[in-house]
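Numbering (this note's numbering), first residue to last: 1015 to 1243.
Set out below in structure tokens:
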């Protein structure tokens, strides 16, 4: 059986964030950049909930790209940041070593979210798969390219080579898998409320208007209606 038929689990996965830095984000045109950052941070929080090892790597921080998104670093404040000169993360031994350490524990499904899709993500994915037996799961909506076409055709090229395309919420829910897993239930639904747009709004609505639960924030009195005379 192909190992790609095995779903992502918290035990078989690791994650790498590649060049989630402001100057890289400035060039992104394939996705709204605020949505991009929301999805990146949501994905990082998902990894934290399920104790999935996280690698953060950066390129030319001081000379060009700027510091990693602070919202991402706040999720994993104790992580080392692996600095590179190469656009291809696989060219850096520290990155290879970090991934290999996790792979030795059975975590050969590498979830990737990076900038830009057509450069840093593609070269890393192809090189990594060429040299190892790791599988690459490319998070399409936590990555971005310099145009819609650049992102699309980079994703197409990677898929042709065997990369598995996913979205950040797909990864989150694949890790959760069963709502009977109560140890992560509250954390996952809280994450969804914060980062998953309509899905999160729907959970809030269901809690209050279907199940009769309390609102999750306190607020001032509801006054009115009071039609004007």
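Each residue gets a CB set at the ideal place from its N, CA and C atoms; glycine is no exception.
Do the segment 1076-1084 and the segment 1145-1158 meet, that is, are 3 or more Cβ pairs less than 8 Å apart? Put simply, the segment 1076-1084 does not touch the segment 1145-1158. Fewer than three CB pairs are less than 8 Å apart.
Residue from 1030, 1025, 1041 and 1027 whose Cα sits closest to the Cα of residue 1162: The shortest C-alpha separation from residue 1162 is found at 1041.
For residue 1032, count the other beta carbons within 10 Å of its own beta carbon; 16 or more makes it buried, fewer makes it exposed. Which is it? Burial is judged here by how many other beta carbons sit within 10 angstroms of a residue's own beta carbon; residue 1032 has at least 16 and is buried.
Cβ distance (whole Å) where residue 1120 is taken to contact residue 1190 below 8 Å: Incorrect: roughly 19 Å between the Cβ atoms, too far for contact.
Opposite residue 1229 in the DSSP bridges: which residues? According to DSSP, residue 1229 shares a beta bridge with no other residue.
May I have the straight-line CA-CA distance separating residue 1111 from residue 1218, to the nearest angstrom? Per the coordinates, the alpha-carbon of residue 1111 lies some 42 Å from the alpha-carbon of residue 1218.
Cβ-Cβ separation, residue 1113 to residue 1030 (assumed contact under 8 Å), whole Å: About 7 Å; that satisfies the 8 Å criterion.
Proximity to residue 1066 [Cα-Cα], best of 1209, 1171 and 1022: Looking at the Cα atoms, 1022 is the closest of the given residues.
Cβ contact (3+ pairs, closer than 8 Å) linking the segment 1065-1079 and the segment 1096-1111: In short, these stretches touch, since the Cβ pair count reaches three.
Would you decide whether residue 1159 is buried or exposed? Buried here means 16 or more other CB atoms lie within 10 Å of its CB. It counts as buried.
Identify every residue that forms a DSSP beta bridge with residue 1071. Note: residue 1071 sits in a beta bridge opposite 1032 and 1096.
Integer-rounded CB distance, given that residue 1125 should sit under 8 Å from residue 1138: With a contact defined as Cβ atoms closer than 8 Å, residue 1138 and residue 1125 miss out at about 12 Å.
For residue 1063 versus residue 1198, is the C-beta distance shorter than 8 Å? Between residue 1063 and residue 1198, the gap from beta carbon to beta carbon is short of 8 Å.
How many Å lie between residue 1208 and residue 1055 at the Cα? When rounded, the distance between both Cα atoms is 10 Å.
Check whether the Cβ atoms of residue 1164 and residue 1132 sit closer than 8 Å, and answer yes or no. Contact flag set, yes.
Leaving aside the five residues before and after residue 1079 along the sequence, list all residues of the same chain whose C-beta is less than 8 Å from its C-beta, in chain order. Around residue 1079: 1033, 1035, 1036, 1037, 1038, 1072 and 1073.
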